[in-house]
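Protein chains in written order, with the numbering used here: chain A, 253 to 825; chain B, 413 to 691. Each residue gets a CB set at the ideal place from its N, CA and C atoms; glycine is no exception. I have placed the structure first, in the form of structure tokens, so that the comments after it can refer back to it.
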Amino acid sequence: MANVQNTNSSPKNNDYQTRGFRRVTGLLAAMVAFALLAQNLHEGFSNVWLNTIAPLSIVLAYSILFFKPLKRSIDTPYFATLSLLCIAVGTAVGTFVTQNELPTVFAQRYGEAGSSILRFFQWDDVFHSWWFVGFFVLMAGSLLKSSWKKKFNRENLGFHLAHLSPIIILLGFWVDYFYGFRGIIQLETGQSANVVRVYNGSTNYIGDSTEIPFRIRLDHFEFEKHDPDYRIQVWRTIQEAEPHAQPTADGHGHPATGTPEIVASMPLKEAKIRRIYGTDIYFRLNEFYPNFTFEYTYPEVNDTVEAKDPGVLLNVKTPFGQADVNLFSNRPGRNTIADENHLGGWLEFYWEAPENLTQAINGQPDAKWAEVNRTILVGTEEKIYYWVEGELSSEPLQADKFYDFPLREGIGFTMKHLYPDAAYLLSTPVSDGEELLNPVAKVEVWRKGGPGEEAYLYPGGRRGGTFQIEGADYFLALESFRDMETKYYRSELSVLDENDEVVMSQSVVVNEPMLHRGYRFYQSDYDPNNPNYSGIGVSHEPGLYVVYFGFTVLVLGCLMMFYGRYRKQGGLV
Amino acid sequence: MLESLYYTSTLFKVTFFLYALALAGYIIGVFRKEKFWGNIPFALFTIAFLACTVLIVDRWIEAGRPPFKSFYESLVFAAWTTSLISLVVEYRFKVRLIGFMSAIGVVLIFLFALTKRDVEIIALPPALQTWMFIPHVISYFLAYGALFVAGFTAILYLALPGGVTSHHTLGQQSRIDFSAATYQITKFGFLFLTAGLLLGAWWGQNAWSNYWGWDPKENWALITWLIFAAYLHFRNIPSWSEKRLAWVVIIGVAAIVFTYLGMDYLPTAGDSLHVYSGD
């Protein structure tokens, strides 16, 4: 490998180097001083002489006063290195001082005196300050002259491309800055607009409005969360008071004592034994039920069983889905579902017909009892009585037959078991399908050498859904974080002409904007509380392709300069 | 940290162990001149790199997306690119000291990744669901890997300005100039740094209608680029010493580290669109 470095650092060369850096430092410092003076005059006065003519004269004066030394130094490596580093330092300043704050907020943060000084140096908006732009102007001059001086041939092609491309990028950037805009159109489904609220410069403050030459209509908006990915989680609770106090559950089902922190999350791998770090506690997932439910069976002993705790198992179909429900005749509050909205009245179960039903059968219904529609299941009679709008009717109650609720077609129930004593009803946990509708995990937890304890975990912050391990600061949970995050936002947009005719329609998602007549439309905002709202980012950047061209040329130039076939072997950059 | 190590995947543990083993080999290799002690750590480092590749692929499959989203994932990828560049450079220049420095760096990156372990695998937000995510990140991390290695060779230059004799090719020994090596590696890194920066700008235009938003992370990416551009120009000043050149590279690497890790310390970071998940 060739060593390309010239290590000649004689005193003569060092003097030359020092003079070179001093000269360039002086030129750049003078530029900063002149630019600061000019911009402060421009912003500080309303008089046309002071805010326009004087700043222009100052800029002109710099150009005239320093023309010769600039001409002599601008293509030197001293100028190149120092201007690059000055831009770097200026950019860094813009990250250490908050930018484009409102004056009051800026003063609050840095104090009155501090903010005045920072504002004088334009550190409150570095990236639009004249001195910062001045660095770019001078660097562009340096690049141009360096390239101009270099012979245009195959060997130097990489050099020219690499050094002219930043000028191309800057030109495109400035065209966009002066002739383009970025803004937002805020729409609700069905609305159309052609007025864009324009962002102010590079900040996101919304400034003026501008019109585009056609209208945009939001036809539809939707957003979707990621699919859930349930995992067994180990949480640790930092106990703050008594270390062995039994924690109580908070609203999310997590222990309320101390602050819980998640320490591990494991995929649902059945039978894999896991240990909680630093403890002798082990656990494993015994079974995962994507749609947990109980499968009920009743032994064939009905005839010999005394009706101590009679009940009925129904599969109830509601607008929200199906669920198995047990109603118990002798348990107050557990024999009735009173949901007039969805069931059209009350659903009741009695082992033997109650008195007010007998009265109704005899044509003398109790006035209060008759106020609502009722569906009454009577176990000994194996009958259903319907009390609907003052009329009583009945039909036999049969297993596995679907019955509609009064005035609710398609919403009803199927009787699965009618039993005289709930003690003989056997329930087995099962999953009703593979769809993640009611996920539950059955885990087994034990200490080394100790007996195992089974627990059911269920997500959604439901009370009792977690399992607190006795005598430890840990609890287990079944949760999915993934479905809390948005997968995509999508707006269906139409472009309307002056006659409100649809010119084009397109679906817009993040990273896939719609382009029409030089305007780009982006999916840029949404409101979780308003599913009809969509914020459509709008940009008009006439210099964009110039910038992209500059990007391509820059990469190509660097590639040719460093590794090109015809580059100067071993030469300096 | 031990708790984090306990809960990490077996692949992570194996990879970490192999990198640590390679580092131990390099430590011995630094003091031994036999060819064997040059080849063993290099072989171990190669095996560790392959294990790291499997770790990344496994994560990619498990997450169902490129594994570059969280801090933890990006650190593992940074270790991978640093290893890759280091192996290529060590193979080319036959200097085990480069591998030694890189092995230290990679082991430190892995230790740091442990403190940023992901408890949960994060899904990609809409802005990252684009093919541009992959070339942008790969360009940047190849650049970071190369420039880290360039930083190591710059440090080696400062420590051993006379260079060292190559060890691995017995019978064909030659003297290695670390300054020249630094320049070669920096050129490669700078090329990918440029590509990564411009791909990021292009992506920003597609995602946020803005190819340059003066976002703190973008600004520091630009600062890093400017420092390395200045390094390439400093080389054109005949009397600018190689020692100073080495320092410019080290400052550039420090800027990379700040760009990567330091954004939280900036008062302007609150509005940044470039934030890693996981902390």
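As assigned by DSSP and simplified to three states, the class of residue i
i	result
ASP779(A)	strand
LYS655(B)	helix
ALA866(A)	Lying before the first or after the last residue shown, residue 866(A) is absent from chain A, which here runs from 253 to 825.
MET766(A)	strand
TRP698(A)	strand
THR441(A)	coil
GLU353(A)	coil
HIS478(A)	coil
TRP626(B)	coil
ILE628(A)	strand
PRO453(B)	helix
ASP470(B)	helix
GLY713(A)	coil
LYS402(A)	coil
TYR330(A)	helix
Neighbour list for residue i in chain B, Cβ cutoff strictly below 7 Å
i	result
ARG734(A)	ALA535
SER461(A)	Ordered by position in chain B, no residue passes the 7 Å Cβ test against SER461(A), which lies about 17 Å from the chain.
GLY704(A)	Chain B residues near GLY704(A): none, gap ~22 Å exceeds 7 Å.
GLY346(A)	TRP626, ASN631
THR350(A)	PRO679, THR680
Whole-number beta carbon distance between residue j and residue i, since they are thought to touch under 8 Å
i	j	result
TYR548(A)	LYS668(A)	7 Å
ALA539(B)	VAL762(A)	5 Å
LEU470(A)	SER743(A)	6 Å
PRO542(A)	SER732(A)	Between SER732(A) and PRO542(A) the Cβ distance is about 12 Å, and since that is not below 8 Å, they are no contact.
MET544(B)	LEU611(B)	6 Å
VAL276(A)	TYR362(A)	Actually they do not touch by this definition, with Cβ atoms about 31 Å apart.
TYR431(A)	PRO794(A)	5 Å
PHE604(B)	ALA666(B)	With a Cβ gap of about 19 Å, PHE604(B) and ALA666(B) do not count as contacting.
GLY802(A)	SER315(A)	With a Cβ gap of about 25 Å, GLY802(A) and SER315(A) do not count as contacting.
LEU499(B)	PHE461(B)	6 Å
CB contact below 8 Å: residue i versus chain B
i	result
GLY366(A)	no
GLY410(A)	no
SER394(A)	no
TYR529(A)	yes
PHE803(A)	yes
HIS506(A)	Confidence at HIS506(A) is low in this model, with a pLDDT of 48, below 50, so its placement is unreliable and no value can be given for it.
ARG275(A)	no
LEU354(A)	no
LEU728(A)	no
Neighbour list for residue i in chain A, Cβ cutoff strictly below 8 Å
i	result
HIS645(B)	PRO329, ALA332, THR333, LEU336, VAL825
ALA658(B)	Under the 8 Å cutoff, chain A gives no residues; its nearest Cβ is about 11 Å from ALA658(B).
TYR503(B)	Those within 8 Å of TYR503(B) in chain A number zero; the least Cβ separation is about 13 Å.
Distance CB(residue i)-CB(residue j) smaller than 8 Å
i	j	result
ASN538(A)	LYS694(A)	yes
SER394(A)	SER335(A)	yes
ALA525(B)	TYR484(B)	yes
CYS464(B)	VAL442(B)	no
ILE788(A)	TYR774(A)	yes
LEU579(A)	PHE601(A)	yes
ASN587(A)	PHE665(A)	no
PHE544(A)	PRO681(A)	yes
VAL754(A)	LEU748(A)	yes
Interface partners of residue i on chain A, CB under 7 Å
i	result
ILE639(B)	ALA340
LYS599(B)	PHE814
Chain A within 8 Å of residue i, Cβ atoms only
i	result
LYS425(B)	no
GLY583(B)	Here the model assigns GLY583(B) a pLDDT of 42, short of 50, so the residue's position is not dependable and the matter cannot be decided.
TYR418(B)	yes
ALA642(B)	yes
TRP449(B)	no
ILE635(B)	yes
VAL531(B)	yes
PRO679(B)	yes
THR542(B)	yes
Where residue i meets chain B, residues with beta-carbon distance less than 9 Å
i	result
TYR741(A)	PRO538
ASN452(A)	Chain B residues near ASN452(A): none, gap ~13 Å exceeds 9 Å.
ALA675(A)	Under the 9 Å cutoff, chain B gives no residues; its nearest Cβ is about 43 Å from ALA675(A).
SER791(A)	GLN617, SER621, ASN622
HIS478(A)	ALA535, LEU536
Residue i: contacting residues in chain B (beta-carbon distance under 8 Å)
i	result
PRO765(A)	ASN618, SER621
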